[in-house]
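S.K.: Take a look at the following structure, please.
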Amino acid sequence: MRGTAEALPFASAAFTLVFARFALHHLTDPRLAVAEMARVCRPGGRVAVMDLAASTDPGTAERQDRMERLRDPSHVRMLPRGVAAGLLHERGLVVDRVTEREIDRPVQPWLEQAATEESAAARIHQAFVAELGGGAATGMRPHCGADNVLRFRQLWEVTVARKG
Ligand SMILES: C[S@@+](CC[C@H](N)C(=O)[O-])C[C@H]1O[C@@H](n2cnc3c(N)ncnc32)[C@H](O)[C@@H]1O
-12 MRGTAEALPF ASAAFTLVFA RFALHHLTDP RLAVAEMARV CRPGGRVAVM DLAASTDPGT
48 AERQDRMERL RDPSHVRMLP RGVAAGLLHE RGLVVDRVTE REIDRPVQPW LEQAATEESA
108 AARIHQAFVA ELGGGAATGM RPHCGADNVL RFRQLWEVTV ARKG
């Protein structure tokens, strides 16, 4: 079924498992979406969120979102590390587990995956190369290995909570 995350087209307590993957960073009100996930989960069930996580430094997070938005204009904002757990806790769920994984990504396939517009892709490349040369930080931790492939780092976070 297709619906909007902020008003799920399901009855309360309809599911034993509710899962959102790489979705919350597209929403202007992720708190509302998490509330909806909690609502449609039945007591004893689980709610899990997997998403990109931003830096807990607000300036760095803003720079990261700027780059992600340049790559994909439907990107709104990443939740900073640990904030998904806070939103689930706010809805009365018990957070069982938060796991993080640092992902080292080559830039080119990341851009191709989003079909990034050519001039935006060039600006991202320029910003990364400038940072490598000592220029302004993008928050994306670009680097270049021995293979000369331009890469950057993302933090992926998985939060699993239980409804009492
Ligand atoms: C990056 S894709 C992730 C797709 C899939 N969950 C996955 O992990 O491969 C983001 C998805 O969020 C959906 N989306 C964005 N805003 C939404 C909203 N307000 N309500 C429901 N879905 C939304 C988009 O349609 C898209 O399918």
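Residue -12 is where the sequence shown starts when you use my numbering, and the numbers rise one by one after that.
Heads up, the beta-carbon is just placed ideally off N, CA and C, and yes, glycines get one too.
#1: Over the uninterrupted alpha helix (DSSP H) stretch that includes Phe9, give me the two end residues.
#2: Going by C-alpha to C-alpha distance, which of Arg26, Leu4, Ala1, Ala0 sits closest to Glu(-7)?
#3: Measure the beta-carbon distance from Met37 to Met127 and round it to whole angstroms, keeping in mind my assumption that it falls under 8 Å.
#4: Please report the residue range of the beta strand (DSSP E) in which Gly73 lies.
#5: On the criterion of 16 or more Cβ atoms from any shown chain inside 10 Å, does Thr15 qualify as buried, or is it exposed?
#6: Between Thr3 and Leu39, what straight-line distance do the alpha-carbon atoms span, to the nearest angstrom?
#7: Can you give me the C-alpha to C-alpha distance between Ala1 and Leu19, rounded to a whole angstrom?
#8: In whole angstroms, what is the alpha-carbon distance linking Leu75 and Ala133?
#9: Closer than 6 Å: is that where the CB of Thr(-9) sits relative to any heavy atom of ligand 1?
#10: Between Val70 and Ala148, is the Cβ-Cβ spacing less than 7 Å?
#11: Suppose the cutoff is 7 Å on Cβ atoms and the five residues either side in sequence are ignored; what does the same chain contact list for Glu118 look like?
#12: Comparing alpha-carbon positions, which option in Gly31, Ala22, Ser(-1), Pro(-4) lies nearest Lys150?
#13: Count the other CB atoms, across all protein chains shown, that sit within 10 Å of the CB of Pro17; report buried if there are 16 or more and exposed otherwise.
M.R.: If we stick to the structure as given:
#1: Within the sequence shown, the letter at position 22 stands for residue 9. Run containing Phe9: none; DSSP gives neither H nor E here.
#2: Against the sequence shown, residue -7 aligns to sequence position 6. Checking every option, the nearest Cα to that of Glu(-7) belongs to Arg26.
#3: Within the sequence shown, the letter at position 50 stands for residue 37. Within the sequence shown, the letter at position 140 stands for residue 127. Between Met127 and Met37 the Cβ distance is about 20 Å, and since that is not below 8 Å, they are no contact.
#4: Working through the sequence shown from its first residue, we reach residue 73 at position 86. It is not in any beta strand (DSSP E) - Gly73 instead sits in the alpha helix (DSSP H) that spans 70 to 77.
#5: Here residue 15 refers to the residue found at position 28 when the sequence shown is read from its first residue. Under this definition Thr15 is an exposed residue.
#6: As a working mapping, residue 3 is identified with position 16 in the sequence shown. As a working mapping, residue 39 is identified with position 52 in the sequence shown. Near 24 Å, if we compare the C-alpha coordinates of Leu39 and Thr3.
#7: Sequence index remark: in the sequence shown, residue 1 carries index 14 (1-based). Sequence index remark: in the sequence shown, residue 19 carries index 32 (1-based). Taking the straight line from one Cα to the other gives about 18 Å.
#8: To locate residue 75, count along the sequence shown from 1; it is residue 88. To locate residue 133, count along the sequence shown from 1; it is residue 146. Cα-Cα distance, rounded: 42 Å.
#9: The residue you call residue -9 lines up with position 4 of the sequence shown. Indeed, a heavy atom of ligand 1 lies less than 6 Å from the Cβ.
#10: What you label residue 70 is simply residue 83 of the sequence shown in a count that begins at 1. What you label residue 148 is simply residue 161 of the sequence shown in a count that begins at 1. For Val70 and Ala148, no; Cβs fall outside 7 Å.
#11: By one-based count along the sequence shown, residue 118 stands at place 131. Around Glu118: Ala124, Thr125, Pro129.
#12: Within the sequence shown, numbered from 1, the residue matching residue 150 stands at position 163. Per the Cα distances, Gly31.
#13: The residue you call residue 17 lines up with position 30 of the sequence shown. Buried: at least 16 other Cβ atoms inside 10 Å.
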